[in-house]
Each structure stands twice: as structure tokens, then as C-alpha cells.
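One line per chain: the protein sequences are A and B, in this order. Those letters in the first sequence? Residues 32 to 292, per the working numbering, in order. Those letters in the second sequence? Residues 10 to 225, per the working numbering, in order. Beta carbons: idealized from backbone N, C-alpha and C, even for Gly. Being a predicted model, the structure only gives us computed values, none of them experimental.
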Amino acid sequence: MTSANPSFVDYVRSVSPEALPAAPADAFPAVHGTTIVAARYRDGVVMAGDRRATMGSAIAMRDIEKVFSADDQSIIGVAGVAGIAIELVRLFQVELEHFEKVEGVGLSFDGKANRLGSLIRGNLAQAMQGMAVLPLFIGWDERAVRGRMFSYDATGGRYEEHEFCSVGSGSAFARGALKKLYDPEADEQSAVAALLQSLYDAADDDSATSGLDLTRGIFPLVMRANADGVARWSEQGVRELAEQIITARTGRPDGPRGYAL
Amino acid sequence: MNFYVSPEQQMLDRAEFARKGIARGRAVAVVRYRDGIALVADNHSTTLNKVAEIYDRIGFAAVGRYNEFEALRIAGIRHADLRGYSYDRRDVTGRSLAGAYSQQLGGAFASAVDKPFEVELIVAELGESPEGDLIYRISYDGVISDEDDLAVIGGDAEHTAARLRDGFDPQAELATVVERVGKALSSQQLEVAVLERGTGRRRTFRRVPRHEVTRG
Chain A
32 MTSANPSFVD YVRSVSPEAL PAAPADAFPA VHGTTIVAAR YRDGVVMAGD RRATMGSAIA
92 MRDIEKVFSA DDQSIIGVAG VAGIAIELVR LFQVELEHFE KVEGVGLSFD GKANRLGSLI
152 RGNLAQAMQG MAVLPLFIGW DERAVRGRMF SYDATGGRYE EHEFCSVGSG SAFARGALKK
212 LYDPEADEQS AVAALLQSLY DAADDDSATS GLDLTRGIFP LVMRANADGV ARWSEQGVRE
272 LAEQIITART GRPDGPRGYA L
Chain B
10 MNFYVSPEQQ MLDRAEFARK GIARGRAVAV VRYRDGIALV ADNHSTTLNK VAEIYDRIGF
70 AAVGRYNEFE ALRIAGIRHA DLRGYSYDRR DVTGRSLAGA YSQQLGGAFA SAVDKPFEVE
130 LIVAELGESP EGDLIYRISY DGVISDEDDL AVIGGDAEHT AARLRDGFDP QAELATVVER
190 VGKALSSQQL EVAVLERGTG RRRTFRRVPR HEVTRG
């Protein structure tokens, strides 16, 4: 049976494959984006991304954006080769919208997560040459009535995360902080505070991750997804929280006190 | 055995064929109102749509053979999405889409092998301000016309358009406009969607649920 294929990617591949994101066959110096963190909270899920892009050991950009809304219910954050990553996000956004317009209904949340996996798999040859792109995909699943999070590997394998997750060069440091500070029963404000604290720690130990840049007024990009949909935190909202964190860190540089027992 | 048929006769026959197919269908009207453009169809089905979203500010309305306009709708979405992805979202225009439809319909109509499309289409584009609103009507033979405040396609389109145009107010509220169109189409079951200005959303197309369509 033939009917319209609702995939935009398949369509582009058939009519103008050169428009698809691709990297040159040989590894060469490219701009890399770094740390993205996400966590579940009482009403949904939140994501934050630092703003630094590096080229080797040099800082290429201080205000790059790596967190995007994929559609009205979901958010994608990307770490890795920035050029390919941001193209991939654009492609994914069109893919979801295209399906929705052709079919009249949107993809299921698992359908979206799988589709992103296959886009990543399409980049596998480049990933083998160091041109990897790794996303975090989170959002509100209307059928399951809860926030959900997915991480990926370079082969397109998708893994559902239930508590918190991180990706990028500073992710190990962020993960350690998030593990201690994360609280699934927290409200949105506290959840975002935990994300910012974890990015602060990532920036503290990873040179490719930027922290809370008060002098330039450049702060992590924060988005949340809950039953009301996706929203991006205002710059002012993030700034206020960031200022609180920096004030606290001035007294105690290694972050909020935890309890060993 | 070959018969000679004059080109004039052949075109007349093809037009007659297409018109008959279209006249069987229920009408669709696209009208301007206070906050944008309303696409209103006389449609009994709640799932087989006659009006649809093509792109951020572009809507589509069709009458005629379902399989034909459905294929044209999907081709339009592909055209728009590919353009927006390759260039920029702002480079997708109703003008270019209407031109592409006109080419395809006109090509099939003039072709010696293809069957003419038994459809009529409307491509509506919401402007940033009311002056920028565009409504194109494209008929089965590819003839394209630029309409001012409203356009009607389908069975008895001329009379319906004339009834609607009489005292038409593009500043009216949505409910008022929908009620007027409902009367003009003499329909109890309307499918309504709008391209809405000033919502701050990138995608301006919104389906108006049937229970929200207030009718007097």
C-alpha cells in the first residue's frame, strides 16, 4: 500500500540529500558545545545548558544556545560538534512538525524519542571521526501524564532516564552535584536551582563548560516541560537564581553543604 | 481508429469534466475577520478535513476529490517545509505555494495524458498586519486569482460568494463571521480553523473545536 510518508527527513533524503546535516569525512578542528543537564521535578522536567563553545582549548563563543524546544511538549539539548548539532535540532523540529501536519496528530512521545535516535544513527559515520553529536531529549508525555527524559549514545541507542541526566564534557562533574542536590519532589524553582548548581560545579572543573557569567550577564539557558507545555525561563528569572547561588558560593566555594549521614 | 477533436472542444470537455466533479462537493469559504483569516467548510466528517495548516502563516482549503486534494495538501506541506528548512522560515510565502499549485493543476489540465484535477483550492496567508493578508483562489485549470476579503470554492460558489460579499465586514468578530458563512453555505456542520494574528505564537493556524463554534 502506498500513502504519504510523513517523515520530512525521508523526503529530503530523496529530493535534496545535500540539504541534510553532514560533516566532512576527515576530522578537523570544529566548534564543540558542552554541558547539558536535566532533572525530573514534582510537575515535570527541567533542562539547562551552559553557553560555552570551544575550539580546541580556545573559547569560540560565550553565548551559544544548546537548549531548544523541539515542539510544544518537548525540549532538546545538544552537546558535541556545534555545527552539526544545531542543524540536527532544526531538522528534528521540522520532522516533528511535518509529521503532525501530514497526519493531523502529533507523534507519540516514544515515537519522537525513537525518531531522534535514528537521526543520531544517521550521523554515526561522522561520529566515528570525532564529529559526534549527543542530545538529551525531555518533555511531557501526554499519554503517560508525566515528564520523561531520554539520553542517547552515538549509535542512536536511546535510554530512558528516570531521575536526572547530563551530557557533554562537564557532565561527570555536573552529575555528581546533581546526584546530591536533586529532589524529585521539589518545585520548579528548586529543580532549576539544582541544575544551576550542577553547571557551576561542571564549570569549576571542566574548562569547556561556562559557569554563571555575572560580568557579561550570560547565564545558562533553562527550559521546563510540564502539563502546560514547554516554557523557556526568562533571562531575569535565571539571573536572580544565579545571583543567589554566586552569593552563597562566595562564602562556600564548593557549594551547598550536604549531609554525610 | 483516430478521431479529430479540436483543441477548443477538448479544453471545453475537460473543463466540463472537472467542473462537474467539483460542483458535487460542498462549499468552503475563506474569509477575513478582526483577528485574522477564518477557513470555514461545510463538512460532515470530523476527521476528513477540508481545511488545513501548511506552514506558520499559511492555510489551505480545498473542495473536490478527496484523494486529489489530500495529495496536493501533502505536496504543499513538503514544498513549504523544505523551503523553510533550506532557507529560512520567513522565505516560505503563500505566493510561491499558490504558484506551485497553479503550475501543477494547469499542467495536468493542459496535458494530453493526465486527467485534469477535480479540485479547487484556496491558499491563505496571514500578514503581519491586516494589509498583508493574502487569499489566492486556484481553480482546476490552474487559473489563479488574488481575492480581497473572501473567497468561496465548490458547489454554487458564485452565488455563495455574492451572498457573503453583500455587506461584508472584515472587522467582524470570529463568531459573527462564522455564523454568516454558515448561513451562506446553509450548513449545520461547519469545520472551522483560523490563522490568528497577535497570539505571539509562531504557528498561527488553530482548529476551532465544533462546540466552540457558536451559532445563532
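Alpha-carbon to alpha-carbon, Tyr213(A) and Asn222(A): For clarity, residue 222(A) is Ala in the given sequence; the question names Asn instead. If you take the alpha carbons of Ala222(A) and Tyr213(A), they lie about 7 Å apart.
Thr85(A) and Ala239(A) closer than 9 Å at C-beta: In contact: Thr85(A) and Ala239(A) (Cβ atoms closer than 9 Å).
Same chain, Cβ closer than 7 Å to Gly164(B), five either side skipped, listed in chain order: If we look at Gly164(B) and ignore the five residues flanking it on each side, its Cβ neighbours are Ala32, Arg33, Gly34, Arg35 and Ala36.
Distance, Ser139(A) Cα to Gly260(A) Cα: Rounded to whole angstroms, the gap between the alpha carbons of Gly260(A) and Ser139(A) is 15 Å.
Nearest-angstrom beta carbon gap, Ala54(A) and Met13(A) [assumed within contact, 8 Å]: Beyond the ends of chain A as shown, which are 32 and 292, falls residue 13(A); an answer cannot be given.
Distance between Arg66(B) and Glu134(B) (C-alpha atoms, nearest Å): One C-alpha to the other measures close to 6 Å.
Cβ neighbours of Arg270(A) in the same chain (closer than 8 Å, five flanking residues each side left out): Counting only Cβ-Cβ distances below 8 Å, and skipping sequence neighbours, we find Gly248 and Phe250.
Beta carbon proximity, Asp100(B) to chain A, threshold 9 Å: Not an interface residue.
For Leu183(B) and Arg224(B), the rounded distance between their alpha carbons: Confidence in Arg224(B) is poor, its pLDDT being 49 and thus under 50, which makes the residue's placement unreliable; the coordinate value appears in the next sentence. Spanning the two alpha carbons is a distance of roughly 11 Å.
Helix, strand or coil at Arg224(B) according to DSSP, with G and I counted as helix: Confidence is the limiting factor: at Arg224(B) the pLDDT is only 49, short of 50, which leaves the residue's position unreliable and the question unanswerable from this model.
CB of Leu130(B) within 9 Å of CB of Leu81(B), strictly: Yes, these two residues count as a Cβ contact at 9 Å.
Inter-stretch contact at 8 Å, needing at least 3 Cβ pairs: the segment 126-136 of chain A / the segment 165-180 of chain A: With the cut-off at 8 Å, the segment 126-136 of chain A and the segment 165-180 of chain A do not touch.
Identity of the residue in Leu21(B), Asp178(B) and Gln19(B) nearest Gly45(B) by Cα: Closest option to Gly45(B), Cα to Cα, is Asp178(B).
Cβ pair Glu126(A), Val62(A) closer than 9 Å: Taking 9 Å as the Cβ cut-off, Glu126(A) and Val62(A) do not qualify as a contacting pair.
Beta-carbon spacing of Arg87(B), Glu127(B) below 9 Å: No, the pair does not count as a contact, with Cβ atoms beyond the cut-off.
Cβ-Cβ distance between Leu204(B) and Phe214(B) below 9 Å: Yes; because the gap between Cβ atoms is below 9 Å, this pair is in contact.
Identified DSSP bridge partners for His63(A): DSSP, once it has assigned bridges, lists Thr85(A) and Val112(A) as partnering His63(A).
Cβ-based burial, Glu62(B) [other Cβ within 10 Å; buried from 16]: Burial call: buried.
Cα-Cα separation, Gly103(B) to Val132(B): Answer to the nearest angstrom: the Cα atoms are 6 Å apart.
Cα-Cα separation, Ile162(B) to Ala71(B): If you take the alpha carbons of Ile162(B) and Ala71(B), they lie about 8 Å apart.
Spatially closest choice to Gln104(A) from Gly207(A), Glu274(A), Ile277(A) and Arg255(A), by CA coordinates: Measuring from the Cα of Gln104(A), the nearest candidate turns out to be Arg255(A).
Range of the contiguous beta strand (DSSP E) that encloses Phe69(B): Per DSSP, Phe69(B) is one residue of the beta strand (DSSP E) stretching across Ile67 to Gly73.
In DSSP terms, what Asn22(A) is bridged to: Since the displayed chain A opens at 32 and closes at 292, residue 22(A) lies outside it and no answer follows.
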